[in-house]
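Residue numbers (UniProt numbering): 1 to 763.
Beta carbons are placed, not taken as given, at the ideal position from N, Cα and C, and that holds for glycine.
Okay, so here's the structure we're looking at.
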C-alpha cells in the first residue's frame, strides 16, 4: 500500500515470499509479491520521487529491476552488476526521481524467479494530461507453467521434444511428407535443425492480471478507457486483438506516439502498449492475447451485455514456413558458441553486409548518405529531452522519401537485403511514429556495434556474435558519441532485446520521427538498427527478454568505463555473467526385456561429463565414463575409460581401456563418435533418431571396432593384417513412443541382446 510522505514522495513496501499458488487447478510452489501474482500496481506522478522498500522473505536471494525507468545506475536492480542482491531476510531500499510518465513494469532479475511470479506494473501519471479518457486499466499479460522453471530450462537443455508434442505444434516426418515438404525437411536437417520453431515451452495457461480470463463490468457505455497493456511473460509473445471498433494505439514503451488505429498488434515480451477503447452501447468488449504459436489465449472483458468477441489469430503454419525458407535457400542455425570466444567477429555478416563488429570506431564499406541522420544533440537518456527536442539536422532525402525503410522490421542495407525479409514482414514497427523528431545532430560522432543474434537449439545455448555472456567482454560505450547497434537475427526465434537505463531510436520508415523504445523485437532472419546517445555512467545490461534465452547466454554488459560503485565491491560481476554457465544434470534409464541401460549427463557451455552403462541379459556388459570439451557448437574432444566384455561374454573377463577421440553432430543430425583406445583399436560409432509420427520416433545405432592385435603381433603387420585380426560390429534399431515428459515406451532389436521392449524413464 502506498504511503504519502510529502507532496512529491510516495513510498511502497513490497514483500517477496514463497507461496502455494493455484492458477490452473493445481497448487504449485511459486513466488508472490505482497501475496499476489502479479504484484501490485505501483502508481506515481511525473516529477515526484519514488521510495520502494523490498523485503525478501524467502530463503534465497532476490532482486527487482524497474523495467524502462530512467534512474540512477545503482538502483537499476540487476544483482551483482548495478545493485546488490537482496539476501534472505533483508530489506533493500530503492529511491529515485521520476523523470518520465507512462506504463512500465518491474520484475526479478535473479535466475528464473520472474517465471515464478515476481513481476508487477508501474504507472507514472503525466504532469500535463494530453490524452482524453475516463479511466485507465492495467492489463498485465503473462505465462504460467506448473513445472519448476529450473526443470523447464533443464528440459530445453537436454533437447526433449515433449513441449512441442504437448502443444500440438510438433512437425513429425509424416506431416511434412504429406505436405510435400520432405526436401525442406532435408534442408533443415542439413543445417542441424529439426524444423521451424516459434516458441520453446508448453504453458498450462496464459494470464491477464493473474487470471485466464478477467471481467471489468464497472465500465459504462460511452466511457473511454486507456488500456495499459504490458507483456510480462517469461517467454511468450502475444498478438493483441480487440472486439468492436479498432482501438487507438497512443503509447509505446511508456512514451506517447502519434495515435493510430490498430486491427491487431504484436506485443513482444517486456513491451508495453497503451490503447484507448470506447465501451459500446449494450456490449461487452473482449481484449484477447493470443500466444504467438497459437497454443493458447487469455482475455479481458470490459462492460456489460453481449460479448463483442475479439478476432481469432490463425495458428502459424510451421511446415509452410519450412517450405518457404527452403525455396528461398535461407541459411539458418547460426552458431551459438565459437571455437575461440575471444574472436568476436560477427560471423559471415561483416563481409556480407559491410558492417563493423562491436568496438569498431569507424564505418567501412557503408553508404554514409543513408546512415548519417543521427538523433538529437542532447541527452537521449534524460526524460527532459524526451518531451522537448529541437531538430539539429536535416534528414537525408533518401530516408525522407522512404527508400531507407523497414523490410519487416529491419532497414535496407547498403548492398542489399537479408534473404527472406518478406516472410516476417508483419512484425514491423512502421506504425510507430514519434510525436516529435528524435534524430541526432549529424555532427555527432558515431560508434557502430554489430551484434548477430545467434543460437543453438540442439544444446539450447544463445549468444551474440557466437559468444555467450559467460565468455564475452563488456561493450564499451563512449560518452558524447551516438552508439548505433545493428541487430541481425540469424536464428529462427524472435528476440525482444532490452537495454537497461536507456531509450533508443528504432530506425523505421518514419525517419526523423522514428520511435523511442526500451525494448525492440528482432524477428527471425531480420535486421533492426537502434541508436542512443552516450550520456549515462556505469554498466548497463542488454539482453534478450525471453527469460530462457537470457539464461542461455544472449546478453551483454554495455559499459561507460566509469568507476564501479564502491557499494558493489563485495559482489563479483562473475556471479551474474556465469549464471547461464552452471552445470545442468539429467539422466535416462531404459529397462527392457532384453537389456537395461543408464545414461547420466552433467553439462555446461564448454564441458560435459557422461556415464553410460549397458547390461544385456545374456551377460554382455559395457560401462563408459567420459569427459567432453566443446570446441564449438557441434564439435567436441573427449577422453574416458571404457570397460566391456563383448568378446568373452564373461563378467569376470572385463577389458578396461582408456579412450580418446572426437564427437560431432554432423549435417543431417547424425551423432558421430570416432575414437581410439589404449590398445590402439580404432572405433567408429554413429546414431540418429527421427520423429516420424506424433509422439513416435525411430532410432538406429551402429558401431564398428577394429582390433589388429597390435599389442602381441606387431611383426605380422609386415605381411598385412595380423592373423588374429578381429573387427566387431554392433548395431541396434527400434522405435520409441512418448507418453509424457518423463516416460516413453520402447521396442528394439540389438544384434548382441536380441529383441525386446520396455520403458524409458527420464529424470
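Contact between residue 80 and residue 572 is confirmed by a C-beta separation of about 7 angstroms, below the 8 angstroms threshold. When DSSP reads this structure, residue 754 sits in a beta bridge with 750. Scanning its chain for C-beta atoms nearer than 7 angstroms, with the 5 sequence neighbours on each side dropped, one finds around residue 258 the residues 433, 435, in chain order. Boundaries of the beta strand (DSSP E) around residue 29: 27–33. Secondary structure note for residue 164: its alpha helix (DSSP H) is the uninterrupted segment 162–167. The DSSP assignment places complete alpha helix (DSSP H) segments of no fewer than 4 residues inside the UniProt domain "Plastocyanin-like" (24–126) at 113–116, in order along the chain. Residue burial annotation: residue 129 is exposed, with fewer than 16 other C-beta atoms found within 10 angstroms of its C-beta. In this structure, the straight-line span from the alpha carbon of residue 472 to that of residue 653 is close to 49 angstroms. Secondary structure of residue 577 (DSSP, three-state): helix. For residue 323, the CB contacts under 6 angstroms within the same chain, skipping 5 residues up- and downstream, are 181, 184 in chain order. A Cβ-Cβ distance of about 4 angstroms is found for the pair residue 549 and residue 462, placing them in contact under the 8 angstroms criterion.
Membership of residue 542 in any alpha helix (DSSP H) is not indicated; the residue belongs instead to the beta strand (DSSP E) covering 539–544. If the five residues before and after residue 293 are omitted, its C-beta is found closer than 8 angstroms to the C-beta atoms of 167, 169, 198, 199, 315, 316, all from its own chain and listed in chain order. Each of 478, 479, 466, 248 was checked against the Cα of residue 488, and the nearest Cα belongs to 466.
With at least 16 other beta carbons inside 10 angstroms of its own, residue 448 counts as buried. Residue 439 and residue 336 do not touch by the CB rule: their CB atoms are close to 35 angstroms apart, not below 8 angstroms. With respect to the C-alpha of residue 609, the residue from 531, 78, 636, 163 having the closest C-alpha is 636.
Residue 591 counts as exposed, since fewer than 16 other C-beta atoms from the protein chains shown sit within 10 angstroms of its C-beta. Judged by DSSP secondary structure, residue 210 falls outside any beta strand (DSSP E); it is assigned neither H nor E.
Beta bridge pairing from DSSP links residue 463 with 454. Per DSSP, the continuous alpha helix (DSSP H) segment holding residue 321 begins and ends at 318–327. Taking a 10 Å sphere around the C-beta of residue 23, we find 16 or more other C-beta atoms and assign the residue as buried.
Distances from the CA of residue 668 to each of 191, 93, 150 were compared; the closest alpha carbon is that of 191.
Under the DSSP definition of a beta bridge, residue 286 partners with 301.
Residue 174 sits in a helix when the DSSP states are folded into three classes. Closest option to residue 65, judged by alpha-carbon separation, among 500, 222, 625: 500. Unbroken beta strand (DSSP E) runs of no fewer than 3 residues, entirely contained in the region 581–634, are found at 584–592, 595–603, 607–616, 621–632, following chain order. Going by beta carbons, residue 108 and residue 119 fall inside the 9 angstroms limit.
According to DSSP, residue pairing for residue 661 in a beta bridge involves 638, 675. Per DSSP, the beta-bridge partners of residue 697 are 691, 736. DSSP places residue 497 inside the beta strand (DSSP E), whose first and last residues are 495–499. For residue 631, the closest alpha carbon among the candidates 342, 493, 46 is that of 342. For residue 61 against residue 17, the beta-carbon gap comes to about 14 angstroms, at or over 8 angstroms, which does not count as contact. Contact annotation, residue 657 with residue 679: C-beta distance approximately 6 angstroms; criterion of less than 8 angstroms satisfied.
In the assembly as shown, residue 629 is an exposed residue. Its beta-carbon has fewer than 16 other beta-carbons within 10 Å. Taking 8 angstroms as the upper bound for CB-CB distance, residue 451 and residue 114 are not in contact here, some 23 angstroms apart.
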